[in-house]
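Data first, discussion second: the structure below is written as structure tokens.
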Amino acid sequence: MLQRQIDDGLLPKDGNITLSLLFERWSQDVMRHQVEETTLSNYMSVVRHHILPALGHKKLVELNVNDIDRLLSTKRDCGLAPSTVRRIRTILAQCLDQAIRWGLLFKNVASLSRTPKSMRTEGRTFSRDQAHQFLNATQGNRLAALYALMLCTGLRRGEALGLMWPDFDRDTGIIRVSRQLKRDSRGLVTSDTKTFRSRRAVNLPRPMILVLLEHEQRQVHERERRGARWRDSGFIFTTGNGAPVDPRNFSRDFRKVCDAAGLGHWHPHELRHSAASLMLAQWVALHIVSQVLGHSSIRMTSDVYGHLLEPDRQGAAEAMGALLWEESDDAASQDSPRSAPPQ
91 MLQRQIDDGL LPKDGNITLS LLFERWSQDV MRHQVEETTL SNYMSVVRHH ILPALGHKKL
151 VELNVNDIDR LLSTKRDCGL APSTVRRIRT ILAQCLDQAI RWGLLFKNVA SLSRTPKSMR
211 TEGRTFSRDQ AHQFLNATQG NRLAALYALM LCTGLRRGEA LGLMWPDFDR DTGIIRVSRQ
271 LKRDSRGLVT SDTKTFRSRR AVNLPRPMIL VLLEHEQRQV HERERRGARW RDSGFIFTTG
331 NGAPVDPRNF SRDFRKVCDA AGLGHWHPHE LRHSAASLML AQWVALHIVS QVLGHSSIRM
391 TSDVYGHLLE PDRQGAAEAM GALLWEESDD AASQDSPRSA PPQ
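Pasting the structure below:
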């Protein structure tokens, strides 16, 4: 480990380590044990393509706030997505935090840099009519129940594909989300959900419960027809021979369903956005939506979907205006003068 090399005098303690070497050791000694393989791969892709070409040669003692600001500004000017620019800053800050813990630095210049403005592009969501179009187009599709569940609950693709029959309580209509199915260098594997709050219980409406029960019966018939060729994987959603559904195949099928529905091109994750949007349109409280989606905090839900609450905020203002300053029926019947608004 880098810390052991420093303690043994094999590396300098004065910050003369380059940023490139720091990232190498940070990824191997720290992040490899803290995040999933795919997440680490995404992190290091950002490092290789956006950070090291500009700053990799820099010694830690030479690195300053201006270097970070200049890098972020250059990336913005090149048209890089704001979310990617923010990720660059976040990864730099995390790595330099570790350098401080290792005694290589006294301050984190990435944390002191200017935070890139959000400039968030609001994701598309299905309208109510589009949601009905989509569900109608899934009829006859062997994954129809999967599509309905994702649109109804906002489950992530991996979470929905990772559900197993013991996760579904048929009596209470609750599904318990605790794992995800994904593809990595090992093939199709299951792992824990993204965060602790992603592990959650989700209540299903009665129509969705019936859809899942019908899906279960169809799966039983498929298993009987396949006989010895059936692979008893235990997943709720499977291929025709009982194997788990590859996320990539799901995404391809999803695009076909959208085309069949006349909706054009959509991304599977927009089912999740649509679920949140439709819940908020039905006056579901933001903190409940956050719990259903398994967000790490209500702030995250607000950051992503807060723009959908603008009509509600105006409605709240109108309601308070009516409560405080409009004549009540009793007051009107007594013909009493209306109190003036407080100054």
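If you read the sequence shown in my numbering, its first letter stands for residue 91, the second for the next number, and so on. For glycine and all other residues, C-beta sits at the position ideal for the given N, C-alpha and C. As the structure is a computational prediction, the values presented were derived from the model and not from experiment.
Alpha-carbon to alpha-carbon, residue j and residue i
i, j, result
"residue 369", "residue 379", "7 Å"
"residue 313", "residue 129", "36 Å"
"residue 234", "residue 276", "28 Å"
"residue 141", "residue 282", "30 Å"
"residue 243", "residue 177", "28 Å"
"residue 198", "residue 396", "31 Å"
"residue 126", "residue 248", "14 Å"
"residue 220", "residue 295", "20 Å"
"residue 157", "residue 215", "39 Å"
"residue 245", "residue 353", "21 Å"
"residue 160", "residue 279", "41 Å"
"residue 329", "residue 231", "12 Å"
"residue 201", "residue 260", "49 Å"
"residue 193", "residue 110", "17 Å"
"residue 252", "residue 292", "15 Å"
"residue 45", "residue 285", "Nothing about residue 45 can be reported from this structure: the residues present for the chain run from 91 to 433 only."
"residue 287", "residue 416", "44 Å"
"residue 120", "residue 131", "14 Å"
"residue 166", "residue 172", "7 Å"
"residue 393", "residue 362", "15 Å"
"residue 344", "residue 106", "51 Å"
"residue 338", "residue 250", "14 Å"
"residue 218", "residue 240", "15 Å"
"residue 347", "residue 332", "22 Å"
"residue 108", "residue 124", "23 Å"
"residue 148", "residue 122", "24 Å"
"residue 414", "residue 398", "26 Å"
Residue i, buried or exposed, once every other Cβ within 10 Å from all chains shown has been counted against 16
i, result
"residue 262", "exposed"
"residue 267", "buried"
"residue 229", "exposed"
"residue 185", "buried"
"residue 168", "exposed"
"residue 356", "buried"
"residue 190", "exposed"
"residue 327", "buried"
"residue 224", "buried"
"residue 385", "buried"
"residue 375", "exposed"
"residue 310", "exposed"
"residue 258", "buried"
"residue 196", "exposed"
"residue 300", "exposed"
"residue 358", "buried"
"residue 269", "buried"
Residue i - containing beta strand (DSSP E), residue span
i, result
"residue 280", "277-282"
"residue 177", "From DSSP, residue 177 is part of no beta strand (DSSP E) but of the alpha helix (DSSP H) over 172-191."
"residue 265", "264-267"
Proximity to residue i [Cα-Cα], best of the options
i, options, result
"residue 182", "234, 117, 338", "117"
"residue 135", "359, 340, 114", "114"
"residue 271", "225, 319, 334", "334"
"residue 236", "305, 256, 264", "305"
"residue 274", "143, 336, 175, 393", "336"
"residue 383", "407, 226, 289", "289"
"residue 204", "222, 227, 154, 170", "154"
"residue 164", "150, 151, 179", "179"
"residue 162", "145, 324, 152", "145"
Helix, strand or coil at residue i [DSSP, three-state]
i, result
"residue 326", "coil"
"residue 293", "strand"
"residue 225", "helix"
"residue 215", "coil"
"residue 319", "helix"
"residue 346", "helix"
"residue 257", "helix"
"residue 274", "strand"
"residue 128", "helix"
"residue 108", "strand"
Start-to-end residues for the alpha helix (DSSP H) that takes in residue i
i, result
"residue 156", "155-167"
"residue 301", "296-316"
"residue 359", "359-371"
"residue 235", "234-243"
"residue 124", "From DSSP, residue 124 is part of no alpha helix (DSSP H); its letter is neither H nor E."
"residue 196", "No alpha helix (DSSP H) holds residue 196; DSSP gives it neither H nor E."
"residue 251", "247-251"
"residue 377", "376-383"
"residue 389", "388-395"
"residue 143", "142-145"
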